[in-house]
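Protein chains in written order, with my numbering: chain A, 21 to 336; chain B, 598 to 854.
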Amino acid sequence: MLFFATTIDGLQMGLCFAVLALGVYISYSILDFPDLSVDGTFPLGGVCCTIFMLRLGIPALPAILLSFFAGLAAGAVTGVLHVKFNISKLLSGIIVMTALLSVTLALTKLLTRTGLTTTIFSFRSENLEGIFSGSISRLLGDGNRDYMILIIELIFVVAVKLIIDLFLKTKLGYMLKATGNNEMLVISLGRDSGTYKILGIAVANGFVAMSGALYANLYSQYDNSSGSGKVVMALASVIIGIAVFSKIKFIGNTTAVIFGAVVYSLCLNYLVLVDTNGIYLKLLNAVLFALILIFNEKTSGFITGRKKEKRGSAAC
Amino acid sequence: MLELRNISKIYNPGTVTELCLFENFNFTVSDGEFVSVVGSNGSGKTSMLNIICGSVPVSGGEVLIDGKNINGLREYRRYRLMGRVYQNPAAGTCPDMTILENMSLADNKGKRYGLSFGVNFARRQRYREQLNELGLGLEDMLDVKLGALSGGQRQAVSLLMATMTPIDFLILDEHTAALDPHTAETIMELTNRIINEKRLTAIMVTHNLRYAVEYGTRLVMMDKGRIILDKTGKDKQETRVDDILDIFNRISIECGN
Numbered sequence: 021m022l023f024f025a026t027t028i029d030g031l032q033m034g035l036c037f038a039v040l041a042l043g044v045y046i047s048y049s050i051l052d053f054p055d056l057s058v059d060g061t062f063p064l065g066g067v068c069c070t071i072f073m074l075r076l077g078i079p080a081l082p083a084i085l086l087s088f089f090a091g092l093a094a095g096a097v098t099g100v101l102h103v104k105f106n107i108s109k110l111l112s113g114i115i116v117m118t119a120l121l122s123v124t125l126a127l128t129k130l131l132t133r134t135g136l137t138t139t140i141f142s143f144r145s146e147n148l149e150g151i152f153s154g155s156i157s158r159l160l161g162d163g164n165r166d167y168m169i170l171i172i173e174l175i176f177v178v179a180v181k182l183i184i185d186l187f188l189k190t191k192l193g194y195m196l197k198a199t200g201n202n203e204m205l206v207i208s209l210g211r212d213s214g215t216y217k218i219l220g221i222a223v224a225n226g227f228v229a230m231s232g233a234l235y236a237n238l239y240s241q242y243d244n245s246s247g248s249g250k251v252v253m254a255l256a257s258v259i260i261g262i263a264v265f266s267k268i269k270f271i272g273n274t275t276a277v278i279f280g281a282v283v284y285s286l287c288l289n290y291l292v293l294v295d296t297n298g299i300y301l302k303l304l305n306a307v308l309f310a311l312i313l314i315f316n317e318k319t320s321g322f323i324t325g326r327k328k329e330k331r332g333s334a335a336c
Numbered sequence: 598m599l600e601l602r603n604i605s606k607i608y609n610p611g612t613v614t615e616l617c618l619f620e621n622f623n624f625t626v627s628d629g630e631f632v633s634v635v636g637s638n639g640s641g642k643t644s645m646l647n648i649i650c651g652s653v654p655v656s657g658g659e660v661l662i663d664g665k666n667i668n669g670l671r672e673y674r675r676y677r678l679m680g681r682v683y684q685n686p687a688a689g690t691c692p693d694m695t696i697l698e699n700m701s702l703a704d705n706k707g708k709r710y711g712l713s714f715g716v717n718f719a720r721r722q723r724y725r726e727q728l729n730e731l732g733l734g735l736e737d738m739l740d741v742k743l744g745a746l747s748g749g750q751r752q753a754v755s756l757l758m759a760t761m762t763p764i765d766f767l768i769l770d771e772h773t774a775a776l777d778p779h780t781a782e783t784i785m786e787l788t789n790r791i792i793n794e795k796r797l798t799a800i801m802v803t804h805n806l807r808y809a810v811e812y813g814t815r816l817v818m819m820d821k822g823r824i825i826l827d828k829t830g831k832d833k834q835e836t837r838v839d840d841i842l843d844i845f846n847r848i849s850i851e852c853g854n
């Protein structure tokens with residue numbers, strides 16, 4: 021029974037993090053940009069969504085969709101730091117991530133002053149009426165709430181996946197792909213590749229923020245520390261997805277990433293069963309990630325195999 | 598018309614490795630000319646192309662197109678006026694995208710890259726015809742990723758993509774150097790055909806003296822940032838590979854190579 025509950029919990033988490041992984045898929049796989057600001061934009065989405073719902077009284081779904089723009093703005097900052105000021109990819113991500121730690125805290129204070137919460141920021145599900153406890157779920161009875169969550173999450177994830185798939189088929193999407201693949205080509209086509217980088221990172225973080233908002237809804241509370249480890253989580257999901265699932269026929273990269281997120285979350289949840297005290301959890305987590313990378317290296321070399329070829333404009 | 602006026606280029610200014618490549622360098626290319634540029638390594642051929650394209654900034658002087666100064670124009674803006682084929686066949690295409698997708702991208706140059714569909718299905722037939730003209734059997738591979746093609750095939754597609762939309766100049770940066778002799782020949786003939794058909798103004802940097810002699814309307818030899826030979830018209834047509842080779846050897850001896 022415990023195993024079953026863990027599985028359900030893992031699936032719920034996995035689908036929630038699938039949105040996160042899809043966002044990171046855009047920055048990491050498409051744009052070749054390992055974006056560390058994800059650790060900051062994830063809770064940013066959560067806190068913004070909570071503010072929209074509690075202070076502005078916006079219903080859950082539009083609140084989640086609106087939180088996209090919070091991530092968009094934060095991601096744009098990362099992009100601008102890298103493109104306009106030539107700060108390295110990793111450092112611009114770290115800068116934004118660090119800054120967002122304060123931003124989310126400040127935004128949290130905005131909520132405390134409304135008197136909805138006490139000093140320790142937390143609230144119960146009655147206050148945060150998530151999209152997961154609508155009339156449909158009541159229709160099926162409380163016993164099926166877990167399944168309802170899964171169904172609604174699935175609809176949400178599939179919608180996000182289809183939007184990303186469609187986006188990547190547009191001219192703009194092609195330019196994003198070309199920017200990550202061969203920046204020189206974008207310049208040769210008379211376009212500023214920097215603009216596409218900023219745009220791509222912004223959109224990617226938009227989806228990350230949406231995942232954070234979804235996460236707050238899933239657990240009916242916003243958690244300020246929910247951002248930690250999300251980069252690793254997302255990267256692991258993307259890498260598992262691309263290395264294992266995209267090899268299967270008729271499974272596209274985005275679908276593979278969703279599978280990757282679900283599988284990784286399930287693994288994490290089963291680790292909790294093994295290590296009940298939670299002391300070795302992060303260690304096991306790291307070992308799992310390392311194993312995935314080693315496996316990936318042995319099979320396809322998705323990460324290291326994508327070394328950029330030297331461009332032909334050598335100085336004479 | 599392209600004009601380089603009083604160009605100077607100093608690499609690493611103010612350091613021990615300071616290197617003055619160009620000093621009062623002047624070079625003019627008239628419309629419709631097909632200039633072959635030869636010269637030993639370090640003579641400034643590729644630097645000249647990079648200065649024209651804006652990949653490296655000049656230390657002094659002006660780059661003019663049709664009399665207008667384009668010094669302040671950033672690299673990507675300049676490519677709206679010109680196309681460039683690189684030495685590396687991978688540089689001109691997107692390896693993770695199919696031929697069709699690549700060609701659609703190139704076909705859209707100069708227009709907006711917005712949220713309309715990236716692949717231009719209506720022009721599929723036209724792309725097939727264009728690929729057919731290459732004679733490399735690529736017309737049936739529209740949905741194959743560029744990364745799966747050979748260097749020669751990629752370079753052919755690069756060439757096609759660079760000249761797909763109207764451009765003022767075609768820049769060829771040792772574009773046959775990475776190919777085997779047979780493929781290089783094919784690509785060179787193709788280049789010549791495209792330049793003649795579209796009446797392009799082209800600058801080709803090459804290490805192949807025979808190509809420089811056989812193709813093009815003008816032959817330029819560079820050495821240490823100076824133009825030491827400039828032949829056009831009948832003068833160019835009468836030039837033989839051996840003549841060029843003699844001069845080449847003389848320079849090399851002077852350099853102590």
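Each residue gets a CB set at the ideal place from its N, CA and C atoms; glycine is no exception.
Nearest-angstrom Cα separation, counted from residue j out to residue i
i, j, result
"B:L842", "B:G830", "20 Å"
"B:T625", "B:D737", "42 Å"
"A:A263", "A:L111", "27 Å"
"B:N588", "B:L697", "The displayed coordinates of chain B run from 598 to 854. Any statement about residue 588 of chain B would go beyond what the structure contains."
"B:D663", "B:E600", "8 Å"
"A:G249", "A:L56", "10 Å"
"A:F265", "B:A775", "36 Å"
"A:L127", "A:Q241", "15 Å"
"A:D295", "A:V251", "23 Å"
"A:S87", "B:A687", "40 Å"
"B:G669", "B:L757", "29 Å"
"B:L678", "A:V258", "40 Å"
"A:I114", "A:H102", "11 Å"
"B:N638", "A:C287", "57 Å"
"B:E726", "A:L234", "50 Å"
"B:I604", "A:G95", "41 Å"
Check: residue i C-beta below 8 Å from any heavy atom of the ligand COA
i, result
"B:S652", "Annotation note on the ligand COA: not contained in the displayed structure, which lists no ligands."
Residue-level contact to chain B via CB, residue i, 9 Å cutoff
i, result
"A:V206", "yes"
"A:F187", "yes"
"A:K267", "no"
"A:R75", "no"
"A:T190", "yes"
"A:G210", "yes"
Test: residue i CB closer than 9 Å to a CB of chain A
i, result
"B:F714", "yes"
"B:P692", "yes"
"B:A859", "What the structure shows of chain B is the stretch from 598 to 854, and residue 859 of chain B is not part of that stretch, so it cannot be assessed."
"B:A759", "yes"
"B:R815", "no"
"B:R602", "no"
"B:E672", "yes"
Assigned exposure category for residue i - 16 Cβ within 10 Å defines buried
i, result
"B:R847", "exposed"
"B:K642", "buried"
"A:F53", "buried"
"A:E173", "buried"
"B:H779", "exposed"
"A:V277", "buried"
"A:Y167", "exposed"
"A:K129", "exposed"
"B:D740", "exposed"
"B:T612", "exposed"
"B:C617", "exposed"
"A:L76", "exposed"
"B:F619", "buried"
"B:N609", "exposed"
"B:Q752", "buried"
"A:L21", "Position check: residue 21 of chain A holds Met in this sequence, whereas Leu was assumed. Classification for A:M21: exposed."
Closer than 9 Å to chain D by CB, residue i
i, result
"A:G193", "Looking at the structure shown, chain D is missing, and the protein chains on hand are A and B."
| said: Ignoring anything shorter than 4 residues, give me the alpha helix (DSSP H) runs that lie fully in the stretch 271-298 of chain A, in order along the chain. | reply: Look at the stretch 271-298 of chain A and you find these whole runs of alpha helix (DSSP H), each 4 residues long or longer: 273-294.
| Is the number of C-beta pairs between the stretch 704-711 of chain B and the stretch 207-226 of chain A that are closer than 8 Å three or more? | These segments touch.
| message | With three or more C-beta pairs closer than 8 Å as the rule, is the stretch 39-48 of chain A touching the stretch 218-234 of chain A? | response | Segments in contact, yes.
| field | alpha helix (DSSP H) segments (min. 4 residues) lying fully within the stretch 170-255 of chain A | value | If only uninterrupted alpha helix (DSSP H) runs of at least 4 residues are considered, those enclosed by the stretch 170-255 of chain A are 191-201, 203-208 and 213-238.
| query | Taking contact to mean at least 3 C-beta pairs separated by less than 8 Å, is the stretch 61-69 of chain A in contact with the stretch 196-203 of chain A? | reply | no
| task | Ignoring anything shorter than 4 residues or poking outside the stretch 640-727 of chain B, list the alpha helix (DSSP H) runs there in chain order. | result | 642-650, 672-675 and 696-704
| said: Quick test of the definition: if touching needs 3 or more C-beta pairs under 8 Å, does the stretch 28-36 of chain A touch the stretch 85-98 of chain A? | reply: no
| message | Assess contact between the stretch 792-802 of chain B and the stretch 627-637 of chain B, defined as three or more Cβ pairs (one per stretch) separated by less than 8 Å. Is contact present? | response | Touching, yes, given that three or more Cβ pairs across the two stretches are closer than 8 Å.
| said: For the stretch 177-197 of chain A against the stretch 65-75 of chain A, do three or more pairs of beta-carbon atoms, one drawn from each stretch, fall closer than 8 Å, so that the two count as touching? | reply: no
| query | Are the stretch 707-724 of chain B and the stretch 806-817 of chain B in contact at 8 Å, needing three or more beta carbon pairs? | reply | no
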